[in-house]
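Trainee: Everything in the sequence shown is counted per the numbering used here, starting at 68 for the first residue and increasing by one.
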Amino acid sequence: MKDASAPREWRFPLTLPEGAVAVLQEDGGVELTVPSDGAEIVVGTIAPPWAKDANGNAVPTSYRLEGSALVQTVGFTTGTAFPVVADPQVRGGTVFGTIRFNKNETNRIAAGGAVGAFLTGRWARLAGKLLPVNNGIAAFAGVAIAMDKCVAVKYPEWVGPVVPYYYSGGYCK
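(1) Which value, in whole angstroms, describes the spacing of the CA atoms of E98 and T147?
(2) Considering only the alpha carbon of each residue, which of I204, A205, A178 and R167 lies closest to C217?
(3) Could you tell me the distance, in whole angstroms, from the CA atom of A177 to the CA atom of Y232?
(4) Between the alpha carbons of N174 and A121, how many angstroms are there, rounded?
(5) Just list the beta strand (DSSP E) runs in the segment 95-119, keeping only unbroken ones of 3 residues or longer that don't cross its boundaries, in chain order.
(6) Given a cut-off of 7 Å, decide if N169 and Y238 are closer than it, judged by their beta-carbon atoms.
(7) The beta strand (DSSP E) that contains R75, what's its start and end?
(8) Check whether the Cβ atoms of R75 and T140 lie closer than 7 Å to each other.
(9) With respect to the beta strand (DSSP E) encompassing Q139, which residues constitute its N-terminal and C-terminal limits?
(10) Please work out which residues of its chain come closer than 7 Å, Cβ to Cβ, to P80, disregarding the five sequence neighbours upstream and downstream, and give them in chain order.
(11) Specify, as a first and last residue, the run of the beta strand (DSSP E) that L83 falls within.
(12) Output the distance between the C-alpha atoms of T82 and T112, rounded to the nearest integer angstrom.
(13) For W190, I'd like the list of residues in its chain whose CB is within less than 7 Å of its CB, leaving aside the five on either flank, ordered along the chain.
(14) Should D94 and P115 be called a contact, given that it needs their Cβ atoms to be closer than 7 Å?
(15) If you draw a straight line from the C-alpha of P84 to the C-alpha of V152, how long is it?
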């Protein structure tokens with residue numbers, strides 16, 4: 068934004084895969100998710116919004132979702148040092164991914180280990196990464212159930228171990 072006459076709102080159309088939805092997160096960022104076989108897969112993210120003035124100072128900014136558009140509002144004033152820069156950072160799920168399991172799936176993982184949760188070919192690559200730590204994932208899921216939470220895993224697309232974590236709310240039903 069060159070000066071105070073610039074627009075305060077910027078619209079970015081979102082073209083999502085079939086079945087995908089954009090979900091505003093508590094930190095102000097956005098996750099692009101697709102429900103699949105009892106799990107929720109994060110296929111992309113938009114980092115929390117940011118904006119800086121010419122002096123490198125933060126300028127208030129936020130996102131909202133309107134239909135199929137991401138709208139970023141930048142709260143500059145006439146006293147702001149221009150130009151102001153704001154640039155949403157979008158990441159696709161090609162390098163890493165996240166899979167969130169609901170309570171039913173978390174129970175299945177706890178009862179049958181990771182292999183029980185990944186019976187379809189869709190999960191074959193991830194199941195292969197989980198096999199060496201099958202008992203650990205089952206125990207992790209058991210703890211999640213005791214805490215009334217669900218299990219999610221972050222995983223690299225081709226190499227490296229999965230990183231399990233607990234979550235609640237949203238898809239954890």
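Quick reminder that beta carbons are idealized off the backbone N, C-alpha and C, glycines included.
Mentor: Reading off the structure:
(1) Straight-line Cα distance between these residues: approximately 30 Å.
(2) Of the candidates I204, A205, A178 and R167, the one whose C-alpha sits nearest the C-alpha of C217 is R167.
(3) Within the model, the alpha-carbon separation for A177 versus Y232 is close to 14 Å.
(4) Cα to Cα, N174 sits roughly 52 Å from A121.
(5) Within the segment 95-119, the complete beta strand (DSSP E) runs of at least 3 residues are 97-103 and 106-113.
(6) Yes, they are a contact pair.
(7) Counting along the chain, R75 sits inside no beta strand (DSSP E), nor does DSSP assign it H or E at all.
(8) Cβ distance < 7 Å, so R75 and T140 count as in contact.
(9) First-last of the beta strand (DSSP E) with Q139: A136 to V141.
(10) Excluding residues up to 5 positions away in sequence, S135 and A136 lie with their Cβ nearer than 7 Å to the Cβ of P80 in the same chain.
(11) It is not in any beta strand (DSSP E) - L83 carries neither H nor E in the DSSP assignment.
(12) Approximately 13 Å between the Cα atoms of the pair.
(13) Model confidence at W190 stands at a pLDDT of 47, short of 50, so the residue's coordinates are unreliable; what they give is reported in the following sentence. So no residue of the chain qualifies.
(14) Contact: yes.
(15) As the crow flies, the alpha-carbon of P84 is around 29 Å from that of V152.
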